[in-house]
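Protein chains in written order, with our numbering: chain U, 9 to 226; chain W, 9 to 226; chain B, -11 to 197; chain F, -11 to 197.
Here the structure comes first, spelled out in structure tokens, and everything after it is commentary.
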Amino acid sequence: MNGVHDMGGMHGLGAIAPDPNEPLFHADWESRVLAMTLAVGAWGRWNIDMSRHARESIPGPDYLRMGYYEKWLVGLVELVVAAGLVTEREVASGRPADGSRLSPPLAADRVAFAIAAGGPATRDVDAPRPFPIGETVRARNLNPTGHTRLPRYARGRVGVIERDHGVHVFPDTNAHGLGEQPRRLYGVRFTARELWGEDANGRDSVHLDLWDAYLEPA
Amino acid sequence: MNGVHDMGGMHGLGAIAPDPNEPLFHADWESRVLAMTLAVGAWGRWNIDMSRHARESIPGPDYLRMGYYEKWLVGLVELVVAAGLVTEREVASGRPADGSRLSPPLAADRVAFAIAAGGPATRDVDAPRPFPIGETVRARNLNPTGHTRLPRYARGRVGVIERDHGVHVFPDTNAHGLGEQPRRLYGVRFTARELWGEDANGRDSVHLDLWDAYLEPA
Amino acid sequence: MHDHDQAPGHGHEHGQDPPSELALRVKALETLLVEKGLVDPAALDAIIDTYAHKVGPRNGARVVARSWVDPDYRARLLKDATAAITELGYTGRQGEHMIAVENTTDVHNLVVCTLCSCYPWPVLGLPPTWYKSSPYRSRAVIDPRGVLAEFGLTLPADTEIRVWDSTAEVRYLVIPQRPAGTEHLDEDALTALVNRDSMIGVALAGEPT
Amino acid sequence: MHDHDQAPGHGHEHGQDPPSELALRVKALETLLVEKGLVDPAALDAIIDTYAHKVGPRNGARVVARSWVDPDYRARLLKDATAAITELGYTGRQGEHMIAVENTTDVHNLVVCTLCSCYPWPVLGLPPTWYKSSPYRSRAVIDPRGVLAEFGLTLPADTEIRVWDSTAEVRYLVIPQRPAGTEHLDEDALTALVNRDSMIGVALAGEPT
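As structure tokens, then:
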């Protein structure tokens, strides 16, 4: 979807304003949102692409207004309700609808292991290798209403295949329950001038990781 | 500038929700903002491109949150302060800094005439006609930080010259006090598939009015 | 889907809950501008009166109805809309450079301004909120059929849709199709069938307004 | 310029004014999830403890310092960063597929995630607010030199800047240049010179932190 989350290349969003004394969390609730998101995720009811899509589906004006962990909170509520783990009524009331109590899949003593294990996105399957390293390719002009990881600023632009990252889960389907459909992922180099025009610095470049489905021969 | 105001092609900004019983103004203050903007404009201290740029320079999160006349209000304050007609201190206090009183250039009995007269953007000057009707052109990939009327969604896309609108004031300079620099303005037709990809309806098209400086031979 | 589902961009414009802070800021600015002699309050009243009572979509409806009954006028309108509209006395601000685009059985036209809210004021008056809103401005160019569906208008897939993005000072007026069965109506009666939305392209003519 | 000049995107994250409504919503959600048996509160504490005390930019600093003193390690890191970082025990969530990019006198690397806020958690911990903010995400790809200037870093115009937009599950770690005059320092001492920002690419190494 062409949402405001796809903001690469935009102007007018303010100063960066790094805070050298920034705490890891600005309030306890931020840390609880992070932890809840990871812990409920252990139920395996959604994947990372679904959770990204839940956050990027926040309406544009709210997305730009909210801080990071507020977006996570909204995304988490969206996910747990969509997965049927809780009901909207329960979220509104803050109380379980009945007395049944489940058993959390992630116990405290398994947290370190679960975080260290992670969840690779590579899949050990055969997949075509349509583009050799060094090949010139064009990012396709795709404008899906669903999830995609092809930023608008690269669409239609010509780049060069730099790396073959192997076969990775495809977010555009995985985010919508249409399966992992693993495809080959490439590191693609675009010159800054190709992306932004002749005023850009002639030496600079931007590198994106793009699935073969996003690319066509140039 | 690549601001959120350049929103053609975006998703996720909500439902359109037309209100069939909508009043012309939702509150008196809206009508006063409209009227003040037009009346102070009669001082001739800025042009329409400057006023558009003042509004589009509102930071993105605020731009998306604000209603139309609130953006006009912010833009008007920006303009009167930048023009030196009032000071920021006067805006903050609501009181004139001294007792001097000017004479408004737009009297009530001249309003009807001023509105009916308008202000044409055409200029009776010679200007090159680089593209004939029917020519295939490409919108240039320009990403200026200043004002432009070339939307992002058309950049790099190929279209056909449909109309020659004559010679019009060039917003990209006029908005920044760099002169009107009148240039030829064209009506350009882009197919929906060129703009949005193969999933678009093959019959549909989008037509933009673009100055020759935005275009190059395809 | 979300717990923030208020239609965005409309925050201060639906008027259920007048934003007093904004009203106060506007009043303070007007007081300042009047006291400094930068504006004449009577001129402000006259501007508001103009758009409240004199300049509005009845002007455009007259243009369209005339084009339905007078083939010569229609030809002039399609050839030089600015001049043809001036014939009827509708000139001025935000209508200095007009183009009329006609709907046919094969072609439907839709007008938008993606970059701000450009609109042909002399023939249509001030734009409605939805025209100025982010949802319309963003989607009219990428999903015109979806947008029209939100207005209750579903066109056949083989109708060609032409979207006009008002990126310069040229303003567009859609000439909707004359409704069937109106052969007996005169220009005045036809004018009542030309609603504002049909001249933007999000509706058909035909509903008396 | 404007009367709305608060830095956007930071609304709830600078903590001067704890948003109690948000804190209440979060508390209510946690209570609900715990009562339904969906999460174990002790597991939440353990997750927070992990990122507060165990996983952070000291991990990445160790990787970088090792690469400065051990040419074989550096070669392995550049060839297969995931494996080389695993050698030091830094593995897991948001670091499953690592690539290390090295700064030289001619090349400077900068990492961003324009679409969300992807970041190499096992080596850098949780990202700072600015990395997750709209200003950084929007401008890093179109104006990297302007962005670096906001961090106080001005590079020569003939330095090549490579911006890495983390659009997939590959995560990037910048290997900053070893500061001049540090030949006498051992790996532990060098680790203190590798600040977090230098491994994102918005700073150089050298300031002990």
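Ideal Cβ positions, reconstructed from N, Cα and C, are used throughout, including at glycine.
Boundaries of the alpha helix (DSSP H) harbouring residue 121(W): 119 to 125, taken from the DSSP string.
Under the DSSP definition of a beta bridge, residue 147(U) partners with 223(U).
Residues 39 of the same chain have their beta carbon placed closer than 7 Å to that of residue 33(U), with the five preceding and five following residues left out of the count. Contact with chain F is absent for residue 86(U), since none of that chain's Cβ atoms lies less than 8 Å from the residue's Cβ. At a cut-off of 8 Å between beta-carbon atoms, residue 85(B) makes contact with chain W. Counted as a single uninterrupted DSSP element, the alpha helix (DSSP H) harbouring residue 89(W) occupies residues 76 to 90.
Scanning 171(W), 111(W) and 108(W) for the CA closest to the CA of residue 139(W) turns up 171(W).
Collapsing the DSSP output to three states places residue 91(F) in coil. If you check each beta-carbon in the stretch 7 to 19 of chain F against every beta-carbon of chain U, the ones closer than 9 Å belong to 7, 10, 11, 12, 13, 14, 15, 16, 17, 18 and 19. The C-beta separation of residue 56(F) from residue 136(F) comes to about 22 Å, leaving the pair out of contact by the 8 Å criterion. In the pairwise beta carbon analysis, the stretch 143 to 157 of chain F is classified as touching the stretch 99 to 119 of chain F: at least three pairs are separated by under 8 Å. Not a single CB atom of chain B sits nearer than 8 Å to the CB of residue 224(W). The beta-carbon distance between residue 13(W) and residue 106(B), rounded to whole angstroms, is 12 Å. This is too long to meet the 8 Å contact definition.
Shown here for residue 41(W): same chain residues with a beta carbon closer than 6 Å to its own, the five before and five after excluded, namely 77, 80 and 81 in chain order.
For a cut-off of 8 Å, the C-beta gap from residue 133(W) to residue 196(W) is around 22 Å, too long to register as a contact.
In the DSSP assignment, residue 19(U) falls outside any beta strand (DSSP E) and carries neither an H nor an E.
From the beta-carbon of residue 9(U), the residues of chain W found nearer than 8 Å are 19 and 20. Along the stretch 27 to 47 of chain B, the positions whose C-beta sits under 9 Å from a C-beta of chain W are 27, 28, 29, 30, 31, 32, 33, 34, 35, 36, 37, 38, 39, 40, 42, 43 and 44, read in chain order. Setting aside the 5 residues that flank it on each side, residue 185(B) is surrounded in the same chain by 191, each with a C-beta closer than 6 Å to its C-beta; the list follows chain order. Taking CB atoms only, residue 151(W) has a neighbour in chain U less than 8 Å away. At a cut-off of 8 Å between beta-carbon atoms, residue 81(U) makes no contact with chain W.
The three-state reading of DSSP puts residue 153(F) in strand, counting E and B together. Runs of alpha helix (DSSP H) with 4 or more residues, each lying fully within the stretch 164 to 189 of chain W, are found at 179 to 182, listed in chain order.
Contact annotation, residue 60(W) with residue 155(W): C-beta distance approximately 7 Å; criterion of less than 8 Å satisfied. Interface annotation, residue 209(U): in contact with chain F, CB-CB separation under 8 Å. Contact between residue 21(B) and residue 27(B) holds, since their C-beta atoms are separated by about 5 Å, short of 8 Å. Here residue 104(W) is actually not in contact with residue 96(W); their C-beta atoms are around 13 Å apart, not less than 8 Å. With fewer than 16 neighbouring CB atoms inside 10 Å of its own CB, residue 31(W) falls in the exposed class.
Ranked by Cα distance from residue 183(B), the options 61(B), 34(B) and 46(B) are led by 46(B). Every alpha helix (DSSP H) stretch that sits fully inside the stretch 40 to 124 of chain B and reaches 4 residues is listed by chain position as 45 to 57, 59 to 67, 69 to 75, 109 to 112 and 117 to 120. The CB of residue 204(U) comes closer than 8 Å to the CB of 130 in chain F, given here in chain order.
The beta carbon of residue 159(F) sits closer than 6 Å to those of 83, 86 and 108, all from its chain and outside the five residues before and after it, given in chain order.
By the CB criterion at 8 Å, residue 217(U) and residue 186(U) fall outside the cutoff. Counting of Cβ neighbours within 10 angstroms places residue 147(W) among the buried residues, the total reaching 16 or more.
Around the Cβ of residue 60(B), a 10 Å sphere holds fewer than 16 other Cβ atoms; the residue is exposed. Sixteen is the threshold: when 16 or more other Cβ atoms of the shown chains lie within 10 Å of the Cβ of residue 18(B), as they do, the residue is buried.
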